[in-house]
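Report on one structure; see the data block that follows.
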Amino acid sequence: MQTYDTLTEALDALRKQGFTRDYNLKSDCLKCQQDGIEMRPADFDIVDVYRFEGMTDPGDSTVLYAIEETETGKKGTLVDAYGPYADAVSSEMAEKLRYSPEE
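In structure tokens, the structure reads:
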């Protein structure tokens, strides 16, 4: 797996690899910003995961997911916080994303 120093560097590299769609995390699905399609956990695969720590504040923790839609093969990215700032998601989505929301 490739490593990146910054989130911007990782996003640029992934876009060059065809990860051009942008996904937003909802409690039980991912929603594509471009076309509004919603994908449940069974509808996508996680290709890679990259974690970034804030340089000045360890609380500024970000995770970048490289996502591929299972039915269409379309690829994109999801950026989210992790740790105490992570979005609340369903247990099925948390399992798919391989992290547990901290309480």
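Just add 8 to wherever you are in the sequence shown, counting from 1, and you've got the numbering used here.
Think of the CB as a built atom: it goes at the ideal place given N, C-alpha and C, for glycine as much as any other residue.
| query | result |
| --- | --- |
| Under the DSSP definition of a beta bridge, which residues are partnered with D56? | A74 |
| Buried or exposed for E111, please, with buried defined as at least 16 other CB atoms from any protein chain shown within 10 angstroms of its CB. | Reliability of the predicted coordinates at E111 is poor, the pLDDT of 34 falling under 50, and the value obtained from them is presented with this limitation in mind. Exposed: under 16 other Cβ atoms inside 10 Å. |
| Under 8 Å: do the segment 31 to 45 and the segment 68 to 84 share three or more Cβ pairs, one atom per stretch? | yes |
| In this structure, how does DSSP classify R48 when only helix, strand and coil are distinguished? | coil |
| Over the uninterrupted beta strand (DSSP E) stretch that includes A89, give me the two end residues. | K83 to A89 |
| Look up D13 in the DSSP assignment and say whether it is helix, strand or coil. | coil |
| Whose CA, out of A50, Y73 and D51, lies closest to the CA of V57? | Y73 |
| Since T78 and D51 are thought to touch, with beta carbons under 8 Å apart, how far apart are those beta carbons, to the nearest angstrom? | 6 Å |
| Could you check what DSSP says for Y107 in three-state terms: helix, strand or coil? | Caution applies to Y107, whose pLDDT of 42 falls short of 50 and renders its modelled position unreliable; the model cannot decide the point. |
| Would you say E76 and V55 are within 8 Å of each other, going by their C-beta atoms? | yes |
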